[in-house]
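Residues 1 to 100 in UniProt numbering are what the sequence shown lists, from first letter to last. Even for Gly, the Cβ is constructed at its ideal location relative to N, Cα and C. Here the structure is laid out as structure tokens; the discussion comes afterwards.
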Amino acid sequence: MTRTWPDDLPPYVTFTTGANLLRRFNIDPFADAQSVRYLARAHTEKGIWPFGDGPGLMPYGQVANARTMETGIFLTHCAEHPPNPRGRGRDKQPRRSPRQ
């Protein structure tokens, strides 16, 4: 399913402005620049992040010292592959006390 986005969006976003849009569209209500960077690293390791330098990937843009991503591709990816809302989950076993 392809979502459509409003026409008033900027053509490119940084990690910070992308996080603002994720909150605005309720894709990730707790998004901030660091969580979007983490999502990019995690999804790159899984092979599903659409941006990068490799073949078949959309290259990052550059504005001053900030990386930029095409807004529509970024939002569509995050809507189709949202972050885990609960983080890593509960511990399976009680944590061990530190060794002394």
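- At least 8 angstroms separates the beta-carbon of M58 from that of Y12.
- Ranking Y60, A42 and P50 by CA distance to the CA of N84 puts A42 first.
- The beta carbon of P29 is closer than 7 angstroms to those of R23 in its chain, skipping five residues each way along the sequence.
- For the set T71, D53 and R37, the Cα lying nearest the Cα of P6 is the one of T71.
- Separation of D53 and T44 (C-alpha to C-alpha, rounded to the nearest whole angstrom) is 11 angstroms.
- Between the beta-carbon of A19 and that of V36 there is about 5 angstroms, and that keeps the pair under the 8 angstroms contact cut.
- DSSP, reduced to helix, strand and coil, places F25 outside both helices and strands of the structure shown, so it counts as coil.
- In this chain, A79 is not harboured by any beta strand (DSSP E); it is covered by the alpha helix (DSSP H) spanning T71 to E80.
- For Q62, the enclosing beta strand (DSSP E) begins and ends at G61 to V63.
- Separation of K46 and P82 (C-alpha to C-alpha, rounded to the nearest whole angstrom) is 13 angstroms.
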